[in-house]
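One structure below.
Residue numbers (this note's numbering): 714 to 891.
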């Protein structure tokens with residue numbers, strides 16, 4: 714279920730990010746929250762993304778029920794992403810479009826892999842390595858987006874770049890803590 718949701722979310726949000734990058738550039742993609750204000754489909758999938766953090770936290774229950782070891786990073790990640798996502802949504806944080814698209818895309822692959830494993834299929838080991846690489850890439854790109862957002866905020870001010878310094882600081886702390 715989370716696999717299909719993530720695939721649909723990626724297909725509904727990635728085109729908006731690519732359109733904005735192609736037609737308006739990096740500054741707009743990081744600083745202007747048109748994905749919520751002007752694109753109703755993307756705005757709806759942004760709202761669903763924020764809501765989805767609760768069931769994703771719930772996937773921790775399946776780990777416990779299967780008697781698999783629950784590592785600190787797993788539940789820490791789900792809790793921090795849930796809190797940060799909800800906080801960012803209240804601010805209409807413009808750079809969140811990047812985080813949402815990346816998360817939907819990575820989760821599309823990751824939850825599809827988990828679904829195959831749960832159905833007793835054994836995907837090749839390199840798929841797990843690809844997922845880990847995608848997650849690391851997501852963290853690196855997330856940090857880069859925050860660096861750009863910080864620069865744009867300092868150069869253009871809050872009126873031109875819709876992201877707060879608090880949000881940037883929280884996001885950087887979250888990404889670096891993983």
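Glycine included, every Cβ here is placed at the ideal spot set by N, Cα and C. All figures in this text were calculated on a predicted structure; none of them were measured in a lab.
{"Check": "Do residue 812 and residue 856 have their C-beta atoms closer together than 9 Å?", "Outcome": "no"}
{"Check": "Let me confirm a value: residue 851 is counted as buried when at least 16 other C-beta atoms fall within 10 Å, else exposed. Which label applies?", "Outcome": "buried"}
{"Check": "At 4 residues or longer, what runs of the alpha helix (DSSP H) sit wholly inside the region 840-890?", "Outcome": "878-890"}
{"Check": "Would you call the CB atoms of residue 884 and residue 801 closer than 9 Å?", "Outcome": "yes"}
{"Check": "Is residue 866 buried or exposed, if buried means 16 or more other CB atoms sit within 10 Å of its CB?", "Outcome": "buried"}
{"Check": "Under 9 Å between the Cβ atoms of residue 810 and residue 730?", "Outcome": "yes"}
{"Check": "Is the separation between the beta-carbon of residue 880 and that of residue 746 shorter than 9 Å?", "Outcome": "no"}
{"Check": "Three or more C-beta pairs closer than 8 Å, one from the region 762-780 and one from the region 788-796: is that the case here?", "Outcome": "yes"}
{"Check": "Taking residue 721 and residue 797 to be in contact with their CB atoms under 8 Å, please state how far apart those CB atoms are, rounded to whole angstroms.", "Outcome": "With 8 Å as the limit, residue 721 and residue 797 do not qualify as a contact, their Cβ atoms being about 22 Å apart."}
{"Check": "List, from N- to C-terminal side, the beta strand (DSSP E) runs of 3 residues or more that fit wholly inside the region 767-854.", "Outcome": "none"}
{"Check": "Between residue 755 and residue 726, is the Cβ-Cβ spacing less than 9 Å?", "Outcome": "yes"}
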